[in-house]
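Everything below concerns the one structure shown next.
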Amino acid sequence: MFFSSTCRAALYNHDTSLCQLSKISLNSVYNPRLYFKPSNVVDIYENNCIDYTMTSSGCTFMRVNGGGLKSVSDQLVRTVGSTEECEQMCVVRTRISDPCRSYTYDNSTLECHLMWSSARMLGRSPLESMKPNLSHGDLDDCVNFSLKCREKNLEIKASSMRMFVGKMMTKKSKKVICEENYQGEYDFSSKFDFKKCGLDPNKSKDSVYRGMVHVKEGSTSLVTIRDKVLQVNCRLHKSMPSEEQSLSVRMNVRENNKTNQVIPDDVVMTSSSPPTNPKFSLKVLGEDSTEADTVHIGDFGWIMLNVKNSAEDFTVTNLVARDVLTGRILKIIDEDGCVLRRDIVKEIRKTDNYVKLKISFSGFRRQTEVVYHAMVETCTVGCMPKCNLDMMLPEDTNVHSLPLSLDLPRHRMVRRSLTGEPRQLELTSDVYKVIGHKLTLLNPPPPQKAFDFRPPTSPYEFNDAGEFHEGDVVVVKHSTSFLSTVKTCLVDDVTCMLTVILGAIQMFLMLSCILIMYCYYQQWRFYRELNRPQEHNVQYYQKPPEVIQET
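Numbering (the UniProt record's numbering), first residue to last: 1 to 551.
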């Protein structure tokens, strides 16, 4: 039994009855001989319950033409049109608990043989049965890459089926600019600054950053099929694209250049070609799902982000509420798409065409005007952050949950060329800024007939000492400490913070004036002592009596 997703295998020793959990298995490393050795007393049990979301462009196969293994197949699929389709079925099987490790295709009978172990693990060779109608492939690795663009940098996330040892870097004329190394990771990521890492922007209305990111597997210094070159494209759209329109009016020119409109009351607005870029919009809805302009603080409602003309999935990031009157910013969702204020966001509903967030219009203490801002990012893999999975509620129209078995229609399977492995991949991410309309938050309505309010009688029973019986609920009101009050004033309340700053400035000015007056006083005393006339010191000398008599 496996208790952690990091456990890949369990090793049981029959002599010592010792069970060891391991983060690696025979199929999760490139060379098992570096980590495992034969033993007659130890059995290994591999964990096949780890879910992989793999794509055909991210998986690499070791292929052999003219040979294969049909006698050890675990599943036979008939009427398969090509080797490419057979390989795609093996890729689809890697998304469930019994992953496909290898396949053999027979083009004479159109049969696809899927195996849960590779030929290397079975100790067999596909060249045992050499026939020109056979094709064999062993799954080498599957690595999914995803791109996340931010205002000043980008982040590349990777999820590998096998433990990755290597590095991710950017180069400029063979010179490594930015580099990050990894030692034994299944999920790894790197952040690259646009300016520092040589990702140059294009001069256009919207900020577009392009560059090459190299992924080097560390088992050898030679270039292999495990090495990737990622072409990254970040398009930061400052505003939503507007539809171009043209005005068509027919005019009649008569004598003396007199003109008049032929159809004066009919103006035809014609739109140009439909926009290819997706178009997002943000709406604030009341609890009844109608667009709202005024709500009360504490009411519930919805924030809805719609999309049109989008062929990709998307995620919502950097959702904030801005107070129009004070400029205060209330962060609700961070740049990774994780909900920061769960006291405001209650649930999330997502479909192909929109995202709905059930929210509480709170976070503001008094009546004000609020505008909601958000960033919408297009993505292909892992669009819903794992930190929000517990807040997700299903929608009937959600069609993003693809089947995880061979029931996937063959016309929907992704096809790719078998001439070579896709060492060069292209990752593109579009980031759109959306702004909602101005929303007025009113103070909560006062309770009706407050003067007739009578406190309800307590349902609790007291003993003779005036104490609660066992099982009763005791409500204790904790007094807030001075430090928490100061923190709330300086962090949450802008008015209080400005008041404290102005008071500190006034105290500083007052102390400065007192210090200046003291300096002037000391200087005045110094000059007064300096200019005071000196007193003459007259000494009187008395002659002795003998001298007086002689005179």
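Note that beta-carbon positions come from the ideal geometry of N, C-alpha and C, so glycine has one too.
Counted within 10 angstroms of its Cβ, other Cβ atoms place S173 as buried (16 or more) or exposed = Taking the first residue of the sequence shown as 1, we reach residue 173 at position 173. It is exposed - the Cβ of S173 has fewer than 16 other Cβ atoms within 10 Å.
Simplified DSSP state of A119, which is helix, strand or coil = Taking the sequence shown and counting its residues from 1, the one referred to as residue 119 is at position 119. A119: helix per DSSP, three-state reduction.
inquiry  = Assuming contact is defined by CB atoms lying nearer than 8 Å, are M161 and S190 in contact in what I supplied?
reply    = Residue numbering aside, residue 161 sits at position 161 when the sequence shown is read from its first letter. Residue numbering aside, residue 190 sits at position 190 when the sequence shown is read from its first letter. The answer is no: Cβ separation not under 8 Å.
Residue environment, A374, which counts as buried when at least 16 other CB atoms sit within 10 Å = Mapped onto the sequence shown, residue 374 falls at position 374. The residue in question, A374, is buried, as its Cβ has 16 or more Cβ neighbours within 10 Å.
request  = Report the rounded CA-to-CA distance for V232 versus D336, giving the unit in angstroms.
outcome  = Looking up residue 232 in the sequence shown gives position 232. Looking up residue 336 in the sequence shown gives position 336. Straight-line Cα distance between these residues: approximately 19 Å.
task = Pull up the distance between the alpha-carbon of A450 and that of G286, whole angstroms please.
result = Position 450 of the sequence shown, counted from the first residue, corresponds to residue 450. Position 286 of the sequence shown, counted from the first residue, corresponds to residue 286. With a pLDDT of 46 at A450, under the threshold of 50, the predicted position of this residue should be treated as unreliable, though the coordinate-derived value follows. Approximately 27 Å, taken between the alpha carbons.
message = I'd like to know whether the C-beta atoms of I332 and I344 end up nearer to each other than 8 Å.
response = Residue numbering aside, residue 332 sits at position 332 when the sequence shown is read from its first letter. Residue numbering aside, residue 344 sits at position 344 when the sequence shown is read from its first letter. Cβ distance < 8 Å, so I332 and I344 count as in contact.
request  = Give the C-beta separation of G58 and F145 to the nearest angstrom, bearing in mind that I take them to be a contact with Cβ-Cβ under 8 Å.
outcome  = In the sequence shown, residue 58 corresponds to position 58, counting from 1. In the sequence shown, residue 145 corresponds to position 145, counting from 1. About 7 Å; that satisfies the 8 Å criterion.
task = Check each candidate in K152, V77, V29 and H113 and name the one with the smallest Cα separation from K70.
result = One-based indexing of the sequence shown puts residue 70 at position 70. Out of K152, V77, V29 and H113, H113 has the C-alpha closest to the C-alpha of K70.
ask   = In terms of alpha-carbon separation, which member of L18, L26, S17 and T16 lies closest to R8?
value = Against the sequence shown, residue 8 aligns to sequence position 8. Considering only alpha carbons, the answer is L26.
query = Out of curiosity, what's the CA-to-CA distance linking G137 and E46?
reply = Within the sequence shown, the letter at position 137 stands for residue 137. Within the sequence shown, the letter at position 46 stands for residue 46. Using only the alpha carbons, I get a separation of about 22 Å.
Residue closest to T294, alpha-carbon to alpha-carbon, out of T351, E347, T170 and L442 = Position 294 of the sequence shown holds residue 294. T294 has its Cα closest to that of L442, out of T351, E347, T170 and L442.
inquiry  = Which of the three DSSP states is assigned to N531 in this structure?
reply    = Numbered from 1 along the sequence shown, position 531 holds the residue referred to as residue 531. N531 falls in the helix class under three-state DSSP.
message = Assuming V213 is part of the beta strand (DSSP E), what are its boundary residues?
response = Stepping through the sequence shown from its first residue, residue 213 is reached at position 213. Looking at the DSSP string, the run of the beta strand (DSSP E) that includes V213 is S207 to E217.
ask   = In chain order, what residues of the same chain lie with their CB nearer than 6 Å to the CB of C197, ignoring the 5 residues before and after it?
value = In the sequence shown, counting from the first residue as 1, residue 197 sits at position 197. Here the set comprises T170, I177 and C178.
inquiry  = Count Cβ pairs between the stretch 384-395 and the stretch 101-121 that sit closer than 8 Å; are there 3 or more?
reply    = no
task = Return the CA-CA distance between M391 and M384, expressed in angstroms with no decimal places.
result = As a working mapping, residue 391 is identified with position 391 in the sequence shown. As a working mapping, residue 384 is identified with position 384 in the sequence shown. Answer to the nearest angstrom: the Cα atoms are 11 Å apart.
query = At which residue ranges does the stretch 327-363 contain complete beta strand (DSSP E) runs of 3 or more residues, listed in the order of the chain?
reply = 329-331, 345-350 and 354-360
query = Using the C-alpha atoms, what's the distance from D334 back to L340?
reply = Numbered from 1 along the sequence shown, position 340 holds the residue referred to as residue 340. Numbered from 1 along the sequence shown, position 334 holds the residue referred to as residue 334. C-alpha separation (whole angstroms): 7 Å.
query = Shortest alpha-carbon distance to N181 belongs to which of D193, V165, L134 and N31?
reply = Indexing the sequence shown from 1 puts residue 181 at position 181. Nearest of D193, V165, L134 and N31 to N181, Cα basis: V165.
task = Tell whether a beta-carbon distance below 8 Å holds between F364 and V355.
result = Looking up residue 364 in the sequence shown gives position 364. Looking up residue 355 in the sequence shown gives position 355. No, the pair does not count as a contact, with Cβ atoms beyond the cut-off.
inquiry  = Rounding to the nearest angstrom, what Cα-Cα distance links K23 and I44 in this structure?
reply    = Translated into positions along the sequence shown, residue 23 becomes position 23. Translated into positions along the sequence shown, residue 44 becomes position 44. Cα to Cα, K23 sits roughly 12 Å from I44.
Cβ neighbour criterion (16 or more within 10 Å) applied to F508 = Working through the sequence shown from its first residue, we reach residue 508 at position 508. By the neighbour-count rule (16 or more Cβ atoms within 10 Å), F508 is not buried but exposed.
query = Can you give, in chain order, each stretch of the alpha helix (DSSP H) that sits fully within the UniProt domain "Apple" (59-142) and has at least 4 residues?
reply = 83-93 and 119-122
query = If you check the beta carbons only, do H296 and D430 fall under 8 Å apart?
reply = For this step, residue 296 is matched to residue 296 along the sequence shown. For this step, residue 430 is matched to residue 430 along the sequence shown. It is not a contact, given that the beta carbons lie outside the stated cut-off.
message = Using the three-state DSSP reduction, which class does I501 fall into: helix, strand or coil?
response = In the sequence shown, counting from the first residue as 1, residue 501 sits at position 501. In the structure shown, I501 sits in a helix (DSSP, three-state: H, G or I).
query = What number of angstroms, rounded off, separates the C-alpha of H411 from the C-alpha of M89?
reply = Numbered from 1 along the sequence shown, position 411 holds the residue referred to as residue 411. Numbered from 1 along the sequence shown, position 89 holds the residue referred to as residue 89. Residue confidence is low: H411 scores 32 on pLDDT, short of 50, so the model does not pin down where it sits. Its coordinate-derived value is still stated next. One C-alpha to the other measures close to 12 Å.
query = Would you call the stretch 100-116 and the stretch 124-140 in contact, with 3 or more CB pairs under 8 Å?
reply = yes
request  = Leaving aside the five residues before and after V324 along the sequence, list all residues of the same chain whose C-beta is less than 8 Å from its C-beta, in chain order.
outcome  = Working through the sequence shown from its first residue, we reach residue 324 at position 324. Hits under 8 Å: T368, E369, V370, V371 and K438.
inquiry  = Please report the distance separating the alpha-carbon of S512 from that of A321.
reply    = Locating residue 512 in the sequence shown gives position 512, counting from the first residue. Locating residue 321 in the sequence shown gives position 321, counting from the first residue. The straight-line gap from Cα to Cα measures roughly 40 Å.
request  = Starting from the Cα of G301, find the closest Cα among F280, L357, T351 and M497 and give me that residue.
outcome  = What you label residue 301 is simply residue 301 of the sequence shown in a count that begins at 1. Checked all of F280, L357, T351 and M497; the closest Cα to G301 is L357.
key: Whole-angstrom distance between Q75 and P99, CA atom to CA atom   = The residue given as residue 99 occupies position 99 in the sequence shown. The residue given as residue 75 occupies position 75 in the sequence shown. Between P99 and Q75, the C-alpha separation is close to 12 Å.
message = So the candidates are D141, V72, S159 and S82; which of them puts its Cα closest to the Cα of P126?
response = Taking the first residue of the sequence shown as position 1, residue 126 is located at position 126. Out of D141, V72, S159 and S82, V72 has the C-alpha closest to the C-alpha of P126.
key: Assigned secondary structure, R150 (DSSP; H/G/I helix, E/B strand, else coil)   = To locate residue 150, count along the sequence shown from 1; it is residue 150. In this structure, R150 counts as coil in the three-state DSSP scheme.
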